[in-house]
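Working notes, structure below.
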Amino acid sequence: MQKLRTIKGTHDILPWDIYKWQTIENTLREVFSAYTCKEVRTPIFERTQLFARGVGEFSDIVSKEMYTFQDKGKDSLTLRPELTASVARSYIQHNYQQEAPLHKLWYFGPLFRQERPQAGRQRQFHQYGIEMIGSANPEADAEVIEIAAGIYAKLGLKNWELHINSIGSIEARKIYMDVLKEALADRKEELCETCQGRYDGNILRLFDCKNPGCKEIMHDHAPSILDHLSEEDSEHFEQVKTLLSAAGIDYVLDHTLVRGLDYYTRTTFEIKGTALGAQDALCGGGRYDNLISDLDGPKTPAVGFAAGVERLVLAMEAEGLFDEDQSFVDLYIAPMDINCFTGISPFVHELREKGYRVHVELMRRSVKAMMRDANRQKATWVAVIGEQELESGLIKMKNMSANEQVETRIADIEKVING
RNA sequence: GUGGAUGUAGCUCAGUAGGUAGAGCGCUUGGUUGUGGCCCAAGUGGUCGUGGGUUCAAGUCCCAUCAUUCACCCCA
Numbered sequence: 012m013q014k015l016r017t018i019k020g021t022h023d024i025l026p027w028d029i030y031k032w033q034t035i036e037n038t039l040r041e042v043f044s045a046y047t048c049k050e051v052r053t054p055i056f057e058r059t060q061l062f063a064r065g066v067g068e069f070s071d072i073v074s075k076e077m078y079t080f081q082d083k084g085k086d087s088l089t090l091r092p093e094l095t096a097s098v099a100r101s102y103i104q105h106n107y108q109q110e111a112p113l114h115k116l117w118y119f120g121p122l123f124r125q126e127r128p129q130a131g132r133q134r135q136f137h138q139y140g141i142e143m144i145g146s147a148n149p150e151a152d153a154e155v156i157e158i159a160a161g162i163y164a165k166l167g168l169k170n171w172e173l174h175i176n177s178i179g180s181i182e183a184r185k186i187y188m189d190v191l192k193e194a195l196a197d198r199k200e201e202l203c204e205t206c207q208g209r210y211d212g213n214i215l216r217l218f219d220c221k222n223p224g225c226k227e228i229m230h231d232h233a234p235s236i237l238d239h240l241s242e243e244d245s246e247h248f249e250q251v252k253t254l255l256s257a258a259g260i261d262y263v264l265d266h267t268l269v270r271g272l273d274y275y276t277r278t279t280f281e282i283k284g285t286a287l288g289a290q291d292a293l294c295g296g297g298r299y300d301n302l303i304s305d306l307d308g309p310k311t312p313a314v315g316f317a318a319g320v321e322r323l324v325l326a327m328e329a330e331g332l333f334d335e336d337q338s339f340v341d342l343y344i345a346p347m348d349i350n351c352f353t354g355i356s357p358f359v360h361e362l363r364e365k366g367y368r369v370h371v372e373l374m375r376r377s378v379k380a381m382m383r384d385a386n387r388q389k390a391t392w393v394a395v396i397g398e399q400e401l402e403s404g405l406i407k408m409k410n411m412s413a414n415e416q417v418e419t420r421i422a423d424i425e426k427v428i429n430g
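Using the numbering used here, the first residue of the first sequence is number 12, and each one after it goes up by one.
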């Protein structure tokens, strides 16, 4: 009998770690709302077809990493492996374009991909991101990148760098791929096995190979895609770079940055955590001007990014950015026996309604044990209530960090807490 | 899917030349009568991942299996 445990590649976010996620989520809301983005939540599963068409039938994600199943109506459904396609579907289904020409949509949620887990990669993982739909202009690209970077800045993360590139329109990319193929034709035999396969499959992926031999060949012989962009593509990219510089955002120009998903056009970017393991992409995104129309929507330009939350947690832990000493208890009530509850109950209720975090100890422990517990929980105040207090109507309030104790009427607890 | 590493108390790990288990931290309680953080003490807690095999005897050797983990692939 197998012990009950989480499925491979999935994890519980434990109650003593959840504050890390909440810290991140709160910051996300702040930043996205500062840019007047609106959150959208889509279902966790969709028709398989959506991803096959949106992400690309032959991409690895769709061809071998999806959790796909049939429901009782024999429809093929899939746990979402990414969110851009879902948001695009929502945009089309509800005719967002009738509401306004531009939509800035952000999201946060779990995704599923059946890959072998490793550091910074799980089978159920979380991403947040934004899809800015409606603008073909470079200022949209720049704002999306600014938001991505702004979130890390706001969280205090230091060890990351922004890489940007432009892979042009589909037409320009096709031409470039032929040029690349020709430039490497003589060297094909020297490439590693997987790269030889990629040469005929998706030759752009050669840039991602970690094999030193392949890297050298690519470095020495591969032409830059930036030299093969159309005039409009180049102009667009120049403006993006200018806008980023104006916003004071540092970037690394990286012509080898070719995103894996089929739907990207023109600007692509990635933010790498420089203190992470092999899975170091904190955030990846770019422009995708054809996706909406590919999914039978109106021809609509868009740009966005998706960022991994588990990786962000790892990166923040590595930089010690979480406050491990923060208190979750404003007032710890230490009742000496059951009779103490009735007298204090209405006041506790009132404090909680006002937003104070109040713990009433429920274990019937000794005062010593309760004080010890309050200390461990980093409670700011402790109220001791026993027979004496019930008789006199005065309870003892102890400020734990100052080690000072005062007597007060129950009705004045809030005054004491506020000093 | 491929390769490497690892699987002993809640956590981090010891475990010597095979003789049926330890430490630190944690948790609980106590150190006199109703008060924490330090210190001290006691207690709680493990069929040594699982199943076989070798042996008088295996956490310790062999095989298998499962799980975890790191890397490849791919991607956030």
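Heads up, the beta-carbon is just placed ideally off N, CA and C, and yes, glycines get one too. Since we're looking at a predicted model, the values are computed, not measured.
Check: Terminal residues of the beta strand (DSSP E) in which D135 lies; Outcome: Here the sequence assigns Gln to residue 135, which means Asp is not the residue at that position. Looking at the DSSP string, the run of the beta strand (DSSP E) that includes Q135 is Q135 to I144.
Check: Validate contact between the stretch 135 to 144 and the stretch 242 to 257 using beta carbons, cut 8 Å, 3 pairs; Outcome: no
Check: Proximity below 8 Å, CB of H137 to CB of V378; Outcome: no
Check: Cutoff 8 Å; reference K426; Cβ partners in own chain excluding five residues on either side; Outcome: T419
Check: DSSP three-state assignment for S180, whether helix, strand or coil; Outcome: coil
Check: DSSP bridge partner residues for I344 (one or two, in chain order); Outcome: V371 and A394
Check: Run of the alpha helix (DSSP H) containing Y102, from where it starts to where it stops; Outcome: T95 to Q104
Check: Euclidean distance between Cα positions of I162 and N170; Outcome: 13 Å
Check: CB of A183 within 8 Å of CB of D244, strictly; Outcome: yes
Check: Enclosing beta strand (DSSP E) for I406 [first to last residue]; Outcome: L405 to N410
Check: Alpha-carbon to alpha-carbon, L323 and S97; Outcome: 23 Å
Check: For Y78: DSSP bridge partner residues; Outcome: L90
Check: Cα-Cα separation between D307 and F43, rounded to whole angstroms; Outcome: 29 Å
Check: As assigned by DSSP and simplified to three states, the class of T279; Outcome: strand
Check: Residue from G331, E372 and L401 with nearest C-alpha to L166; Outcome: G331
Check: Contacts around A326, its chain only, beta-carbon distance under 8 Å, and the 5 residues preceding and following it disregarded; Outcome: L168, N170, W171, G284, A286, L287 and L293
Check: Distance CB(Q108)-CB(P309) smaller than 8 Å; Outcome: yes
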